[in-house]
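One structure is given below, encoded as structure tokens.
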Amino acid sequence: MSATQPSDQRAVVTGLGVVAPTGIGTDVWWKATLAGTSGIDRITRFDPSKYATQLAGEVSDFEATDFIDNRLIAQTDRWTWMALAAAQMALDDAGLDPASLDPYRMSVITASSSGGNEFGQREIQNLWGKGPIFVGAYQSIAWFYAATTGQISIKYGMKGPCGVLVSEGAGGLEALWHSRRTIRRGVDVVVSGGTEAPIGPFALTCQQQSYRLSEAREPEQAYRPFDRRANGYVPGEGGAIVLVERLEHAQQRGAPTIYGEILGYGATNDAHDPHRVPSDGTQLARAISLALERAGVGPDEIDAVFADASGTPEADRAEAEAIRTVFGKRTESVPVTAPKSMTGRLYAGGAPLDVAAALLAMRDGVLPPTINLDEPAAGCELDFVTGEKRSAKLETVLVNARGFGGFNSAMVLGRRGPS
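Numbered according to my numbering, the sequence shown spans residues -7 to 411.
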């Protein structure tokens, strides 16, 4: 144990694992992201012809058996399969063998917004079509939000404090911040992030009730955040799992890569309406300001913003207003990008994927583009990265995330934290 007090411990990211509509594995996904490749297309996992929303970001070439044995596949949902795959990638990337560490100094903290949709739908159909005795025994452990955290902790013997955050699209950032807090309380490593698998008949039916999903039939028209023709978003599946590690622990074991540091986080709630976004971005702006304050940086030190990018006109305007409120006169010179325009909204998996993108952007000195943004809507005039990737010197970046229900989150990441 380091002589540094737990409350002074710094949390860094040493491993990345990605399962996304634009690629499985960090390198494949990052190459596609920088190229502006869209992973949005017509749904193929079932016939969507009777649904108003027929497009989504599917992970079409994912094979669970590449990462998980058949016994566990039968007991879990697709959303958990993706998280287990991404967790394995993150640990491999970090060069970390959990078996070599104290199990009580390893934790798992993930996020989920809807749990095991596909597994749950199948068992509901068994219940109403055949009867209670035909409901599978694993329904009790496969559908609920904590299933992924539990399965990762079991697989790797991680016995430290574990948990799951449930705040829709904001949950992924909350999980990462809670990981930092856990590091400061004495844990060495935390497997964290989020994935989702919300593309199925039952899941899509639930999502359509929000009336925020796009009904466009062409992929390039369906999810256009901040554009004057924005008409909602499309769902996507997958996400990212990252390894959050105590800095001294990473240095002592010779971690191959330290991607960056979690510097600060802010969270608020609109306390407005469970379904409607307020017309202003006051509470998101407050979350951003809190994140900057806790990171010990000012607005003038932020080199880029990875936007939440709802894709609904009112929510996009509110986020743009929040950015203007915080950055003031500097707003026009702060690059803003939304790589989730290529994947659809991944709910609890979206923000961790943005964090992975932000960390790689700092590493490579390049910002990925926002696609399908041709003409910013009135009130959304920001310095968007569009068309193609943009070279930039990036030391400190901001990631925004929001969840329906009024959740606002903001996180500051640094390529090199303060000494």
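Backbone N, C-alpha and C define an ideal beta-carbon position, used for all residues, glycine too.
query = If you run the structure through DSSP and keep just helix, strand and coil, what is proline 410?
reply = Here residue 410 is taken as the residue at index 418 of the sequence shown, counted from 1. Reliability of the predicted coordinates at proline 410 is poor, the pLDDT of 45 falling under 50, and the value obtained from them is presented with this limitation in mind. If DSSP states are grouped into helix, strand and coil, proline 410 belongs with coil.
query = Under the DSSP definition of a beta bridge, which residues are partnered with tyrosine 257?
reply = Position 265 of the sequence shown holds residue 257. Bridge partners of tyrosine 257: Met403.
message = Whether or not the region 397 to 408 and the region 333 to 340 are in contact is what I'm after, with contact meaning three or more pairs of Cβ atoms, one per stretch, closer than 8 Å; do they touch?
response = Contact fails: fewer than three Cβ-Cβ distances are below 8 Å.
task = Have a look at Asn364, Lys385, Val389 and flag the residue whose alpha-carbon is nearest the alpha-carbon of glycine 379.
result = As a working note, residue 379 is residue 387 in the sequence shown. Checking every option, the nearest Cα to that of glycine 379 belongs to Asn364.
ask   = To the nearest angstrom, how far is it from the Cα of valine 234 to the Cα of methionine 81?
value = The residue you call residue 234 lines up with position 242 of the sequence shown. The residue you call residue 81 lines up with position 89 of the sequence shown. In this structure, the straight-line span from the alpha carbon of valine 234 to that of methionine 81 is close to 9 Å.
query = Span of the alpha helix (DSSP H) holding serine 99?
reply = The residue you call residue 99 lines up with position 107 of the sequence shown. Per DSSP, serine 99 lies in no alpha helix (DSSP H); the unbroken beta strand (DSSP E) holding it starts and ends at 98 to 103.
ask   = Tell me which same chain residues have a C-beta within less than 6 Å of the C-beta of alanine 340, skipping the five on either side of it?
value = Stepping through the sequence shown from its first residue, residue 340 is reached at position 348. These residues qualify, in order along the chain: Ala103, Ser104, Ser105, Gly163, Gly164, Gly186, Glu188.
ask   = Pick from Thr304, Ser383, Glu237: whose alpha carbon is nearest that of alanine 86?
value = Along the sequence shown, read from residue 1 onward, the residue named residue 86 stands at position 94. It is Glu237 whose Cα lies nearest to the Cα of alanine 86.
inquiry  = I want to know whether the region 188 to 204 touches the region 343 to 360 - three or more CB-CB distances under 8 Å.
reply    = Counting Cβ pairs under 8 Å, fewer than three are found: no touch.
ask   = Smallest Cα separation from valine 404: which of Arg172, Gly178, Tyr203?
value = Here residue 404 corresponds to residue number 412 of the sequence shown, with the count starting at 1. The option with the nearest alpha carbon to valine 404 is Arg172.
Assigned secondary structure, leucine 58 (DSSP; H/G/I helix, E/B strand, else coil) = For this step, residue 58 is matched to residue 66 along the sequence shown. What sits at residue 58 in the sequence shown is aspartate, not leucine. Three-state result, aspartate 58: helix.
key: Alpha-carbon spacing of glutamate 313 relative to glycine 303, whole angstroms   = Working through the sequence shown from its first residue, we reach residue 313 at position 321. Working through the sequence shown from its first residue, we reach residue 303 at position 311. Using only the alpha carbons, I get a separation of about 15 Å.
request  = Count the other CB atoms, across all protein chains shown, that sit within 10 Å of the CB of threonine 36; report buried if there are 16 or more and exposed otherwise.
outcome  = Against the sequence shown, residue 36 aligns to sequence position 44. The residue is exposed, with fewer than 16 neighbouring Cβ atoms inside 10 Å.
request  = Mark arginine 412 as exposed unless 16 or more other C-beta atoms lie within 10 angstroms of its C-beta, in which case mark it buried.
outcome  = No information on residue 412 is available, as it lies outside the stretch -7 to 411 that the chain covers here.
query = So, is leucine 8 buried or exposed, given that buried needs 16 or more other C-beta atoms within 10 angstroms?
reply = Numbered from 1 along the sequence shown, position 16 holds the residue referred to as residue 8. Leucine 8 comes out buried.
key: N-terminal and C-terminal residue of the beta strand (DSSP E) that serine 389 is part of   = Here residue 389 is taken as the residue at index 397 of the sequence shown, counted from 1. According to the sequence provided, residue 389 is valine. The question's serine does not apply to it. Valine 389: member of the beta strand (DSSP E) spanning 388 to 395, first to last residue.
ask   = With C-beta atoms as the reference, is alanine 77 less than 9 Å away from isoleucine 16?
value = Position 85 of the sequence shown, counted from the first residue, corresponds to residue 77. Position 24 of the sequence shown, counted from the first residue, corresponds to residue 16. Annotated as proximal: alanine 77 and isoleucine 16, with beta-carbon spacing under 9 Å.
task = Give the secondary structure of tyrosine 225 by DSSP, where H, G and I count as helix, E and B as strand, and everything else as coil.
result = What you label residue 225 is simply residue 233 of the sequence shown in a count that begins at 1. Tyrosine 225 falls in the strand class under three-state DSSP.
key: Sequence ranges, alpha helix (DSSP H) only - wholly within the region 123 to 186, length at least 4   = Qualifying alpha helix (DSSP H) stretches, in chain order: 131 to 134, 139 to 148, 163 to 176.
ask   = In three-state DSSP terms, what is threonine 18?
value = Working through the sequence shown from its first residue, we reach residue 18 at position 26. Helix, per DSSP.
query = In or out: arginine 407 buried (at least 16 other Cβ within 10 Å) or exposed?
reply = Here the question's residue 407 lines up with position 415 in the sequence shown. Buried, since its Cβ has 16 or more Cβ neighbours within 10 Å.
query = Would you call the CB atoms of aspartate 69 and tryptophan 120 closer than 9 Å?
reply = For the purposes of this step, residue 69 is identified with residue 77 of the sequence shown, where counting begins at 1. For the purposes of this step, residue 120 is identified with residue 128 of the sequence shown, where counting begins at 1. No, these two residues do not count as a Cβ contact at 9 Å.
request  = Evaluate contact between the region 358 to 372 and the region 35 to 55, counting only Cβ atoms and requiring at least three cross-stretch pairs below 8 Å.
outcome  = Output reads no: the region 35 to 55 does not touch the region 358 to 372.
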